[in-house]
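Heads up: the sequence shown begins at 1 in UniProt numbering, then just goes up one per residue.
All C-beta atoms in this analysis are idealised placements derived from N, C-alpha and C, irrespective of residue type, glycine included.
What follows is a short report on a single structure.
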Amino acid sequence: MLSSILKSDGNISFTFYDRGELVKATRNFHKNNSIGEGAHGTVYKAILSGGDDTTPAATVAVKRCKQIDPSRTEEFVRELVILCRVNHPNIVRLVGCCLHFQAPMLVYEFVQNGTLDKLLHGWPKRRVVMLATRLRIAAETAEALAHLHSPPHTTLHGDVKPENILLDDGWVAKVSDFGCSTIDDNIQVVPKGTLAYLDPEFLQDFQLAAKTDVYSFGVVLMELLTRKKPRAKEQKNLAIMFQECMGNGTLVDLLDADIVKEGSSITMGVIHQASELASRCTAVPGKERPALGEVAEELRRLSDIMPEDSEALHALEGHGYISTAGETETTGFYGIGRAALSTELAR
Ligand SMILES: Nc1ncnc2c1ncn2[C@@H]1O[C@H](COP(=O)(O)OP(=O)(O)OP(=O)(O)O)[C@@H](O)[C@H]1O
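The following block contains the structure:
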């Protein structure tokens, strides 16, 4: 079924791999090739040999999915068709699959710099990530999601979170893991997303809709600004805490000290606008949330105000920019930032 659909759509480039090819490329799924494990399977780094002298070897990521229920095979294939049609610079590309194992194997482009979660919360290295970089990553993520939401093949992500935002060369965002993707709006589904990022309205009616992704994206934007990981078990989730702090003028205490320390009044104005946007994305009722296309445009505008410093970007790759500063460190510069943001927030 999959191959006949793909044949009829000449625009899709998709490869069916042999079992032997993937066994060789992953060194028989060797544990040293394993690069990540999630709820839906294990991901391996794999080197596909070119086949002849003129084709170079290619690095890909192979996801060995957990076994699927045979009654879900058709649904699974339909999802594959949607995924391989998606073509956007900020979405991890599905390049092929292999159905000759007990469980399906999905082959993706390899994204080399880990996840946004690692960048923000990686341990033991705590890296300084400039506001400009955070805004650009947020803009790219929103653009990717807006693309997914757009016709003709409207797709909902369903599990937007920093673990599913991969970072490529140059720290370019690539949205991944469409484990919960569903075609078309307003489809009733079993909840599969990650609790701390889940829209409270979805938890009541289980209707997955574009606004569900907007909410999760809003929480990710809050996480980018505060560097705080939202935890489902905490009494107050990050979205509520963030909105309360915006309301009572204490947001500056919640923000990541690293971006507040950047300090100019332009920075503070941009932080203020990005915070407003994050708050709108998590509005309840959900119909008040902006569409992701609008969010992407606004974030791109903000990220253009704050040009990225190429030295800081290089430093992210090396060791020179690792901060030893604690979350609460206060400097004179930080003091300027606090004052400027308080003025902004008072407007
Ligand atoms: N294309 C890729 N390139 C590089 N690393 C990847 C790629 N895809 C996934 N990974 C790594 O593998 C990990 C697990 O992948 P993924 O999130 O897709 O699995 P999952 O089982 O669907 O997880 P989840 O529990 O989030 O649904 C990721 O966090 C990432 O570190």
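Residue i and residue j look like a contact to me (Cβ under 8 Å); what is the Cβ gap, rounded to whole Å?
i: V81; j: T15; result: The Cβ separation is near 14 Å, so there is no contact.
i: L48; j: A58; result: 5 Å
i: A196; j: P162; result: Not a contact, Cβ separation roughly 11 Å.
i: L131; j: I259; result: 4 Å
i: A278; j: L225; result: 7 Å
i: G286; j: D199; result: 6 Å
i: A139; j: R300; result: 5 Å
i: V43; j: G50; result: So it is not a contact: roughly 22 Å between Cβ atoms.
i: L302; j: V252; result: Not a contact, Cβ separation roughly 18 Å.
Report yes if the CB atom of residue i is closer than 8 Å to the CB atom of residue j, and no otherwise.
i: V86; j: L166; result: no
i: N103; j: K66; result: In the sequence on display, residue 103 carries Ala and not Asn. The answer is yes: Cβ separation under 8 Å.
i: R134; j: M105; result: no
i: H157; j: V172; result: no
i: D168; j: H100; result: no
i: A239; j: V219; result: yes
i: Y215; j: T282; result: yes
i: S275; j: M306; result: no
i: F217; j: T115; result: no
i: M241; j: L254; result: yes
i: V284; j: E223; result: no
i: D256; j: R227; result: yes
i: H149; j: A210; result: yes
i: F127; j: L313; result: Inspection of the sequence shows that residue 127 is occupied by Arg rather than by Phe. Cβ atoms of R127 and L313: not closer than 8 Å.
i: E308; j: R136; result: yes
i: C97; j: V107; result: yes
At what residues does the alpha helix (DSSP H) containing residue i begin and finish?
i: R93; result: Note, R93: premise wrong, no alpha helix (DSSP H); not H, not E.
i: residue 355; result: There is simply no residue 355 to check, as the chain begins at 1 and stops at 347 in what is shown.
i: L238; result: L238 to N248
i: E297; result: L292 to I305
i: T42; result: Per DSSP, T42 belongs to no alpha helix (DSSP H); it is in the beta strand (DSSP E), G41 to L48.
i: residue 365; result: Nothing about residue 365 can be read from this structure; the chain reaches only from 1 to 347.
i: T59; result: No alpha helix (DSSP H) holds T59; the beta strand (DSSP E) holding it covers A58 to C65.
i: V220; result: A210 to T226
i: residue 351; result: Outside the shown range of the chain, which is 1 to 347, sits residue 351, and nothing can be said about it.
i: D205; result: P200 to D205
i: V260; result: A257 to V260
i: G170; result: Segment: none, G170 is in no alpha helix (DSSP H) and carries neither H nor E.
i: G286; result: Neither: G286 is in no alpha helix (DSSP H) and is coded neither H nor E.
i: A25; result: R19 to A25
Where do the ends of the beta strand (DSSP E) carrying residue i lie?
i: V175; result: A173 to V175
i: residue 387; result: Not covered by the structure: residue 387. The range shown for the chain is 1 to 347.
i: E37; result: S34 to G38
Are the C-beta atoms of residue i and some chain D residue less than 8 Å apart?
i: H30; result: Judged by its chain identifiers, the structure shown contains no chain D, having just a single protein chain.
Threshold first: 4 residues or longer. Then list the alpha helix (DSSP H) segments lying entirely within the stretch 109-162, N to C. 116-121 and 131-149
Is there contact here, the stretch 145-156 with the stretch 282-299, by at least three beta-carbon pairs under 8 Å? yes
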